[in-house]
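Beneath this line is the structure, given in structure tokens, with notes to follow.
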Amino acid sequence: MGPTLKDATAIAGIGQTPFARQLPESEKTLACRAIVAALDDAGISPSEVDAFASYTMEETDEVEIAKAIGAGDLTHFSKVGFGGGGSCATVAHLAAAIATGQASVGVAWRSRKRGSGPRPWKNTQVQLPTPGQWTRPFGLLRPADEIGMLARRYMHEYGATRDHLFNVALACRNRANQNPAAIMYERPLTREMYMTARWISEPLCLFDNCLETDGALACVVVSAERARDCRQRPVYVHSAAQGLPAQHHGMVNYWNDDPLTGPAWAAARHLWKGADLGPQDVDVAQIYDAFTPLIPLSLEGYGFCERGEGAAFTEGGALETGGRLPLNTGGGGLSEAYVHGFNLITEGVKQLRGTSTAQVPDAATCLVTAGEGVPTSALLLRS
Amino acid sequence: MTPSVPPATDNRPGSGADLLLPVPDDDGAPFWEYAARGELRVQACAGCDALRFPPRPCCPNCRSFAARWQRMSGRGRIWSYVLPHPPLLPAYAEQPGYNAIIVELAEAPRIRLVGNLVTAADAPLNSVDPARLRIGAPVKAVFHTMPGGVTVPRWLLERP
């Protein structure tokens with residue numbers, strides 16, 4: 012048995028800026044604010060930082076960030092691909108670096124002005140020829156269209172309905188209504204609002220889509236031993252995984268044998284292999300929710316239910332507080348803020364510290380996932 | 022044929038179609054060249070005959086680098102579909118209620134092509150009543166030359 016990541020490292024600090032449709036400060040400034048806040052939360056000086064990890068579609072880089080916050084010499088820095096699929100991998104890369112002695116204080120961050128910036132899909136000049144040549148000319152333009160295709164097929168194969176997708180949107184909105192930092196804090200959602208909302212890509216309506224938000228977040232990863240001396244209760248990285256399954260094709264995942272089993276399945280196999288726990292031991296889950304259908308798919312992928320049962324799993328308040336698997340307890344990308352899933356990591360930490368605005372009593376284990384559909388990543392955190 | 026990279030959009034005024042044109046890569050270029058001749062062809066391994074899509078340099082089944090392009094019947098079934106609504110690029114927003122479909126090919130159901138269901142090869146993208154869209158509906162390929170000169174496959178219902 013070689014070295015293992017299991018509980019070797021911990022998240023010792025988290026930080027964030029306000030979330031808004033538009034913030035005046037630059038992405039770089041927002042990133043620095045979130046990172047300085049996270050280090051302050053941990054009680055660690057920025058001069059001790061020697062590792063950074065980010066993921067693509069991040070416009071700020073470690074050179075500028077390190078210079079601004081006064082970091083020390085960096086001995087590890089990485090950038091994970093595939094946008095929202097890379098969120099959890101940042102923590103995984105830092106954990107691996109720290110566990111193997113490549114660094115001692117790692118910072119992962121996300122800063123994004125998606126609310127005030129352009130929609131990425133409108134830039135037709137940077138569409139990669141592959142696979143864009145097979146989709147864009149036919150008007151399959153946006154991630155919502157690509158996921159809408161999978162959603163329609165999923166509904167057809169398994170009898171999932173819009174009410175199942177509403178269950179997901181509602182659980183996230185209800186938690187946001189408890190979270191003063193959430194964009195949708197004071198805006199409840201009703202079934203009537205959902206069912207009469209405008210379409211974005213039928214079968215997906217407005218409320219099946221995540222927010223567009225400005226904001227930044229960060230977290231600090233150190234060794235478990237160091238974390239025990241920090242200001243906050245350590246949240247251990249119990250297991251971590253990335254997943255890019257065989258014959259996968261990016262978010263346009265129609266060209267493998269089974270498009271309804273995506274990267275979550277590959278990440279989950281590795282995640283549980285490295286853990287002392289299974290899905291039945293998870294107290295609360297932060298599952299990447301750029302679109303509501305990603306939740307039933309992820310519930311299946313991470314083993315909370317069988318193939319085709321993800322929609323039915325959402326019934327009877329299962330995703331609400333007190334339900335079988337409380338979901339996205341800060342409001343998630345659908346209702347707190349869409350910052351490529353990084354708020355799911357910080358919310359997982361809050362749950363295991365006991366400081367969430369929608370606290371699950373005695374939560375001791377939390378699953379956090381990155382985007383399903385794209386090459387993904389996941390973390391299993393424990394207190 | 023030498024792959025040529027057309028402009029990303031056709032912006033000629035009055036063309037009625039600033040629709041995005043395919044930007045082929047080296048592997049995909051033959052698909053579009055055969056489409057220009059009205060042929061639907063899929064890359065096949067010259068070693069083990071396995072079909073593969075999207076095209077790529079090497080067979081994931083036997084690792085042969087030799088490939089050929091196999092002509093398909095152009096028949097298939099709708100695997101899934103969406104009806105995109107705004108916000109959209111202008112040329113697509115001008116065709117409200119348009120569909121995008123995925124077709125699984127009759128001879129190779131695991132080969133799936135994204136396309137549009139239309140009433141005729143040159144009809145608008147929203148020419149089919151959305152109520153006619155159904156998963157499993159049999160369709161057949163036709164070919165439409167876009168204003169930018171690139172030919173794309175489109176799909177007609179077998180039983181309109």
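As they're listed, the protein sequences go chains A and B. Counting in the working numbering, the first sequence runs from 12 upward without gaps. Counting in the working numbering, the second sequence runs from 22 upward without gaps. Even glycine gets a Cβ: it sits at the ideal position worked out from N, Cα and C. Predicted, not measured: the structure shown is a model, and the values here were computed from it.
Are the beta-carbon atoms belonging to Cys-221 of chain A and Gly-128 of chain A less than 8 Å from one another? No, the Cβ-Cβ distance between Cys-221 of chain A and Gly-128 of chain A is not below 8 Å.
Taking the alpha helix (DSSP H) that Tyr-169 of chain A belongs to, which residues open and close that run? That run of the alpha helix (DSSP H) goes 154-169.
Tell me which same chain residues have a C-beta within less than 7 Å of the C-beta of Pro-290 of chain A, skipping the five on either side of it? Taking C-beta separations shorter than 7 Å and ignoring five residues to either side along the sequence, the partners of Pro-290 of chain A in its chain run Tyr-313, Gly-314 and Phe-315, following chain order.
How would you write the range of the alpha helix (DSSP H) that Cys-183 of chain A sits in, first residue to last? It spans 173-187 - the alpha helix (DSSP H) in which Cys-183 of chain A sits, taken as one unbroken run.
Nearest to Ala-144 of chain B by alpha carbon, out of B:Cys-83, B:Pro-168, B:Gly-157 and B:Ile-132? Nearest C-alpha to Ala-144 of chain B: B:Pro-168.
Suppose the cutoff is 8 Å on Cβ atoms and the five residues either side in sequence are ignored; what does the same chain contact list for Cys-69 of chain B look like? Excluding sequence neighbours, Cys-69 of chain B sits near Cys-80, Asn-82, Cys-83 and Ser-85.
Just tell me which of B:Asn-137, B:Phe-164, B:Gly-49 and B:Leu-40 has its CA closest to the CA of Ala-88 of chain B. Looking from the CA of Ala-88 of chain B, the closest CA among B:Asn-137, B:Phe-164, B:Gly-49 and B:Leu-40 belongs to B:Gly-49.
For chain A, check one thing: does any of its Cβ atoms lie closer than 8 Å to the Cβ of Tyr-113 of chain B? Taking 8 Å as the threshold, the shortest C-beta distance from Tyr-113 of chain B to chain A falls below it.
Given that a residue counts as buried once 16 or more other Cβ atoms are within 10 Å of its Cβ, and exposed if not, what is Asn-134 of chain A? Counting C-beta atoms within 10 angstroms of its own C-beta, Asn-134 of chain A has fewer than 16 neighbours from the protein chains shown and is therefore classed as exposed.
Taking the alpha-carbon positions, what's the Val-103 of chain B to Ala-142 of chain B distance? Approximately 20 Å, taken between the alpha carbons.
Based on Cα-Cα distance, which residue from B:Pro-105, B:Pro-159 and B:Arg-92 lies nearest to Ala-121 of chain B? Ala-121 of chain B has its Cα closest to that of B:Pro-105, out of B:Pro-105, B:Pro-159 and B:Arg-92.
Report back the beta-carbon spacing between Asp-294 of chain A and Val-371 of chain A to the nearest angstrom; my notes put them in contact at under 8 Å. Indeed, because the Cβ distance is near 6 Å, the residues count as touching under 8 Å.
Pairing CB atoms from the stretch 315-331 of chain A with CB atoms from the stretch 347-356 of chain A, are three or more of them under 8 Å? Taking 8 Å as the limit for Cβ pairs, the verdict is that the stretch 347-356 of chain A does not touch the stretch 315-331 of chain A.
Rounded to whole angstroms, what's the CA-CA distance from Ala-381 of chain A to Val-74 of chain A? Just pull it up for me. Distance between the alpha carbons of Ala-381 of chain A and Val-74 of chain A: 25 Å.
Taking the CB atoms as reference points, tell me whether Trp-176 of chain B and Asn-137 of chain B lie closer together than 8 Å. Annotated as proximal: Trp-176 of chain B and Asn-137 of chain B, with beta-carbon spacing under 8 Å.
Is the Cβ of His-165 of chain B closer than 8 Å to any Cβ of chain A? Chain A places no beta carbon closer than 8 Å to that of His-165 of chain B, leaving this residue out of the contacts.
Given this structure, state the Cα-to-Cα distance separating Asp-18 of chain A from Leu-217 of chain A, to the nearest angstrom. So the alpha carbons of these two residues sit roughly 40 Å apart.
Short-range partners of chain B found in the stretch 141-168 of chain A, where Cβ spacing is below 7 Å: Residues of the stretch 141-168 of chain A with a Cβ closer than 7 Å to any Cβ of chain B, in chain order: Thr-141, Pro-142, Gly-143, Gln-144, Trp-145, Thr-146, Arg-147, Pro-148, Phe-149, Gly-150, Leu-151, Leu-152, Asp-156, Gly-159, Met-160, Arg-163, Arg-164 and His-167.
State yes or no: is the C-beta of Trp-120 of chain A within less than 8 Å of the C-beta of Ala-53 of chain A? Their beta carbons are not under 8 Å apart, which means Trp-120 of chain A does not touch Ala-53 of chain A by this criterion.
Nearest-angstrom Cα distance between Ala-10 of chain A and Ala-251 of chain A? As displayed, chain A neither begins before 12 nor continues past 394, which places residue 10 of chain A out of reach and without an answer.
Does chain A have any CB closer than 8 Å to the CB of Pro-28 of chain B? Note that Pro-28 of chain B has pLDDT 42, beneath the 50 cutoff, so the model's placement of it is unreliable and no number is given.
With a CB to CB cut of under 6 Å and the five nearest residues on each side skipped, what residues in its chain are close to Gly-254 of chain A? Exclusion of the five residues before and after Gly-254 of chain A leaves Pro-274, Ala-277, Ala-278 and Thr-387 as the residues of its chain whose Cβ lies within less than 6 Å of its Cβ.
Secondary structure, alpha helix (DSSP H): runs of 4+ residues fully inside the stretch 237-300 of chain A: If we require 4 residues or more, the alpha helix (DSSP H) runs fully inside the stretch 237-300 of chain A come out as 274-284.
Check whether the Cβ of Tyr-205 of chain A lies closer than 8 Å to any Cβ atom in chain B. No, Tyr-205 of chain A does not count as interfacial toward chain B.
In chain C, what lies closer than 8 Å to Asn-137 of chain B by C-beta? Annotation note: the requested chain C is absent from the structure, which comprises protein chains A and B.
Closest residue to Ile-123 of chain B among B:Asp-47, B:Arg-77, B:Ala-65 and B:Arg-96 (Cα-Cα distance): Among B:Asp-47, B:Arg-77, B:Ala-65 and B:Arg-96, the Cα nearest to that of Ile-123 of chain B belongs to B:Arg-96.
List the residues that DSSP assigns as beta-bridge partners of Ala-229 of chain A. Answer is A:Gly-26 and A:Trp-120.
For Leu-391 of chain A, is the classification buried or exposed, using 16 other Cβ atoms within 10 angstroms of its Cβ as the cut-off for buried? For Leu-391 of chain A, the number of other beta carbons within 10 angstroms of its own is at least 16, and it is reported as buried.
Could you check the C-alpha separation between Thr-357 of chain A and Thr-272 of chain A for me, to the nearest Å? Thr-357 of chain A and Thr-272 of chain A have their C-alpha atoms spaced approximately 27 Å apart.
Considering only the beta carbon of each residue, do Gly-117 of chain A and Ala-64 of chain A sit closer than 8 Å? Yes.
So which residues on chain A does Asn-121 of chain B lean against when the C-beta distance must stay under 7 Å? Correcting the residue identity first, residue 121 of chain B is Ala in this sequence and not Asn. By Cβ distance, chain A contributes Phe-149, Gly-150, Leu-151 and Asp-156.
By the 7 Å beta-carbon criterion, what residues does the stretch 279-293 of chain A contribute toward chain B? If the cut-off is 7 Å between Cβ atoms, the stretch 279-293 of chain A has nothing near chain B.
Using beta carbons (cut-off 8 Å, strictly below), is Asp-268 of chain A in contact with chain B? Closer than 8 Å: yes.
C-beta contact flag for Gly-365 of chain A and Gly-95 of chain A at 8 Å: No, they are not a contact pair.
Determine the burial state of Glu-394 of chain A: buried for a count of at least 16 other Cβ atoms within 10 Å of its Cβ, exposed for fewer. Correcting the residue type first, residue 394 of chain A is Ser in the shown sequence and not Glu. Using a 10 angstroms sphere on the CB of Ser-394 of chain A, the tally of other CB atoms reaches 16 or more, which defines it as buried.
Simplified DSSP assignment, three categories, for Tyr-66 of chain A: DSSP places Tyr-66 of chain A in strand when its eight states are reduced to three.
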